Amino acid sequence: RQLHTKLDFFTSLIGLVARGKRRYGGYLVHIAIVLMFIGFAGDAYKQEGDVILNQGKTYTKGHYKLTFTGVSQTSAPDKDMLTANVAVMRDGKPYTIMHPAKWAYRHHEDEPPTTEVALHRTLGEDLYVVLNGYEQQSGNASFKVVINPLVDWIWLGFLLLIFGTVIAFLPDRAYALAGAAAKSEKAKAAATATAILFMLCLGGNVHAQAAMEQVQQGTLMHTPRNPHEQAIF
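In the numbering used here, the protein residues as written are 1274 to 1506.
Below is the structure:
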């Protein structure tokens, strides 16, 4: 399209998508569903384990080696916090330090402390470490370790699903406004984003309300796309 229109890449991209917005939006939606299914398939390789460790002891799960290095007790105006320090190695190399915790809120002594899960996320897998409990006298801490592969692929697919749906159902006037803004050499991306957001938040609501009124009156069958269809309606 750039070669035929002699326009810049951004303007050409908007024009290309505007001519087949449902097709390209549908492509993105289908890719999103594939990514989400890959993420769901990762649940079959999920690993979990429970362990009780004293300070300095280690626990191996998958390709992770976790070492309990102790706890720290701190206070805030509204709660007391017990935080465990867990050094993590992956494939024999230092990886990260995680801090699962228990929070006991003041004036809620009749309720159990809340559990603050330590989470380390990557595109390949997520590592969760949960502090189940801690014995002050023995110094033993109880942990739950969870390795959950490909979770972020679900979120990535979900975001792409939203993006593809927006592209498919965005009004034609939003693309026209975005294309006009893209021809300006000043702040192309900012102007286009503002125009699209404006059309989504304002124009979409106005159009939906008007369409709903017409549906209730039984007069709306289809939105005319050109003067010929306008004349027919």
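By construction, the Cβ of each residue, glycine as well, lies at the ideal position given by its N, Cα and C atoms. Since the model is a prediction, treat every value here as computed from it, not as a measurement.
- Counting other Cβ atoms within 10 Å of its Cβ, V1390 stays below 16 and is therefore classed as exposed.
- The straight-line gap separating the alpha-carbon atoms of V1419 and A1317 is approximately 13 Å.
- Here S1285 is not near R1292, since their CB atoms are 8 Å or more apart.
- Taking a C-beta distance under 8 Å as the contact criterion, L1326 and V1344 do not qualify as a contact pair.
- Straight through space, the alpha carbons of H1303 and E1382 are spaced by roughly 50 Å.
- Within 10 angstroms of the beta-carbon of P1373 lie 16 or more other beta-carbons, which makes it buried.
- Approximately 7 Å separates the beta-carbon atoms of L1423 and E1398; this is inside 8 Å, confirming the contact.
- For R1363, DSSP records a beta bridge to Y1337, K1366.
- For G1293, the secondary structure class from DSSP, reduced to helix, strand or coil, is coil.
- Annotation: H1277 to T1395 spans about 42 Å, alpha carbon to alpha carbon.
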